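Per my numbering, the very first residue in the sequence shown carries number 36; after that it's consecutive. Structure, as structure tokens:
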Amino acid sequence: MTKRIFQSICIAVLCTFAASVLLFMGVLYNYFSGIQRKQLRMQADLAAQGVANEGSRYFEGLSVADYRITWIDMDGVVLYDSQSDSAGMENHLKREEIRQAFETGVGESARDSVTLLRRSLYFARRLPDGTVIRLSVAQNTMLTLFFGMIQPICAIFLTVMILALILADRLSRGIVRPLNSLNLNDPLSNKGYDELKPLLGRIAAQQRELRKQREELQQKQSELKAVTTGMAEGIVLLNEKKIILSINPAARRLFETDDSCVGKYLVAVNDSLKLQELLQKAGDGQRAEMRMELGAGMYQMDASPVFSEGMVFGVVLRMLDVTEKEKVEQMRREFTANVSHELKTPLHTILGSAELMANGMVKQEDMPAFARRIHAQSQRMIRLVEDILRLSRLDEGAGDMQWEEVDLYELAKETVQSLLPEAETFNVRLYVCGEPAVVYGIRQLLAGILFNLCDNAVKYNRPDGSVRVIVKAGEGRVLLSVADTGIGIPPECRERIFERFYRVDKSHSQKTGGTGLGLSIVKHAAKLHDAAIEIDSVVDGGTTITVCFPLYRNFTKP
Ligand code: ADP
């Protein structure tokens, strides 16, 4: 700004100077031209008087240095000329001043030289005898005058310019100083130029508006932060170039990054091609979703475009943990496949046997064996369906079942009693030891735990083996142990035997009528009673499975 003011002042001084020089020269030139013209007229009048009185004798011995005198007759023929030989001169009738003099008595004109540096002034007067006397004088033109005065003009110009530069420098600094010292933080407190007051007023109003908007924005930002910080879902806000504008703690954890990723491209945080494609879709204005593995979990990624005036100006990426859901879905798929598979085998056997019998392809003496096979497979299917129903009830939480005080020792004795026929078949002895111990639970489920553990202990035993059911109370808990002298469980299978349909030896399990669901029921039922399960097993040495119940006094019903 200082520079512009400085330049303006310099240009103004320069223009003023040029205008002054031109005006001054013009006035001077006019003044002196006027005087010269007056003198020319006077001299011409004197010469006219002389020629009128003396005729051509007037020119004898006449000496005129500055003037040129010419005498012209009525036909325009030059009779005398003080500077040239009149005989060789052309006719003067057409000259402006001569023509005027013949017409009106006096004539005046001026003519510039070819170079424009000289100008001739002419004055002519008609004599009583009809001839004309003309006087002319050479005069400098404005241009000559200007060139003649160029040195003083330059000197004055230099002086004026130096003065103008000093003045312009001071003035421009003086004008700008108050502007530079304006306090824009508090515009209305500034004194100085009155002309600035409306501008300062507007700045103050805009600052107030900006402050208000900033406060609103900050409030909205902190609200958004508060909401997204507490969210378990990951939320990432991106602009149209997929640069991160905001990322909540959950999303930071998932992408294993920190706050410094704000302002960077998302691809720098996670370069998954699938994720880039998802964001690209959202960037094109379509809502898109996909599942993606992040760390040890599975996440549902939803990308939604954000529109403003019909244009996408950002994308919101939402990341939802679906690990559990995925696991449940996977389990459900496996369970359905397993159930179909488990049901298919007995059904095929029943169908095959029934077809053979219907087509008369079974001998009369084999009929009972076929009927027994159909009966056994039907029983197996019924057991399977019952176990599935039990499990599904447990999956639902067994909310409608009756909670009561149950003496596990008594229940164990009842269970063992019901298993005696089976134990006899397998040639296994059953014992119940311990003491009465009451737990608070669901009798039906506790009976299920006991039955499945004892049933397995009998089924996976060796001939002449034994099963010992021990019930003990103490140290704030009730322990139920079922120990057998059977085939044992290999260490690598101990974790998996509680999975649905998992069997260490499938043919053994099927031979003994196992469904592969017994221990899953035990696990679920124990969980509902807040009880822990421990396995101690030696291959070919026997297995002890212990269920550890909390004492019912401390146990609160779920
Ligand atoms: P199943 O109906 O096949 O017995 P379970 O869920 O009750 O199904 O048991 C799962 C698997 O665990 C069995 O197939 C068997 O291989 C193994 N198992 C369970 N209890 C015992 C045990 N006491 N001794 C040896 N193996 C056992």
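Positions of the beta carbon are idealized from the N, C-alpha and C atoms, including for glycine. Since we're looking at a predicted model, the values are computed, not measured.
Asked: Check: Lys494 C-beta below 7 Å from any heavy atom of ligand 1; Found: yes
Asked: Segment limits, alpha helix (DSSP H) that includes Arg407; Found: 402–430
Asked: Which listed residue (Thr166, Gly476, Phe137) has its alpha carbon closest to that of Lys562; Found: Gly476
Asked: Local Cβ density within 10 Å of Thr371, reported as buried at 16 or more and exposed below that; Found: exposed
Asked: At least 3 beta-carbon pairs within less than 8 Å: the region 387–403 vs the region 297–316; Found: no
Asked: Opening and closing residue of the alpha helix (DSSP H) in which Cys45 lies; Found: 37–89
Asked: Residue span of the beta strand (DSSP E) that contains Val274, given as start and end; Found: Looking at the sequence shown, residue 274 is not Val but Asn. Asn274 -> beta strand (DSSP E) spans 269–274.
Asked: Test item: CB-CB of Arg497 and Ile524 under 8 Å; Found: no
Asked: beta-carbon Leu552 near ligand 1 non-hydrogen atom, thresh 7 Å; Found: yes
Asked: Same chain, Cβ closer than 8 Å to Met184, neighbours up to 5 away in sequence not counted; Found: Met60
Asked: Residues that Thr581 bridges to, as DSSP identifies them; Found: Ser516, Glu569
Asked: CB-CB length for Leu289 against Leu231, believed under 8 Å; Found: So it is not a contact: roughly 55 Å between Cβ atoms.
Asked: Distance between Lys494 and Thr460 (C-alpha atoms, nearest Å); Found: 10 Å
Asked: Of the residues Val149, Gln479, Glu361, the one placed nearest Asp435, counting alpha carbons only; Found: Gln479
Asked: Those residues which DSSP pairs with Thr438 across a bridge; Found: In the sequence on display, residue 438 carries Trp and not Thr. According to DSSP, which records beta bridges pairwise, Trp438 is partnered with nothing at all.
Asked: Strand pairing of Ser171, partner residues [DSSP]; Found: Arg103, Tyr157
Asked: Per DSSP, the bridge partner or partners of Phe342; Found: Val347
Asked: Backbone CA spacing between Asn487 and Gln399 [nearest angstrom]; Found: 38 Å
Asked: is_contact[Ala393, chain B] using C-beta, thresh 8 Å; Found: Annotation note: the requested chain B is absent from the structure, which comprises a single protein chain.
Asked: Limits of the beta strand (DSSP E) - the one that Glu328 falls within; Found: 323–329
Asked: Proximity test, Ser542 beta-carbon vs ligand 1 heavy atom, cut-off 7 Å; Found: no
Asked: Contact between the region 97–106 and the region 114–129 (3+ Cβ pairs under 8 Å); Found: yes
Asked: Beta carbon of Val539 nearer than 8 Å to that of Phe584; Found: no
Asked: 8 Å Cβ cutoff met for Ala79 and Leu162; Found: no
Asked: Beta bridge counterpart(s) of Val504 as assigned by DSSP; Found: Val467, Val517
Asked: Between the CA atoms of Thr547 and Met416 - distance to the nearest angstrom; Found: 14 Å
Asked: Pair within 8 Å by beta-carbon distance, Ile238 and Pro222; Found: yes
Asked: Euclidean distance between Cα positions of Asn175 and Leu152; Found: 6 Å
Asked: Cβ contact (3+ pairs, closer than 8 Å) linking the region 555–575 and the region 403–413; Found: no
Asked: Any non-hydrogen atom of ligand 1 within 7 Å of Ser555 CB; Found: yes
Asked: Distance cut-off 7 Å: Asn487 Cβ against heavy atoms of ligand 1; Found: yes
Asked: Rounded C-alpha distance that separates Met177 from Gln74; Found: 20 Å
Asked: Cβ neighbour criterion (16 or more within 10 Å) applied to His564; Found: buried
Asked: Cβ neighbour criterion (16 or more within 10 Å) applied to Ser216; Found: exposed
Asked: Closest Cα partner of Arg169 within the set Asp294, Gln135, Ile191, Gly577; Found: Gln135
Asked: Classification of Gly549 by the beta-carbon crowding that lies within 10 angstroms, buried from 16 upward; Found: buried
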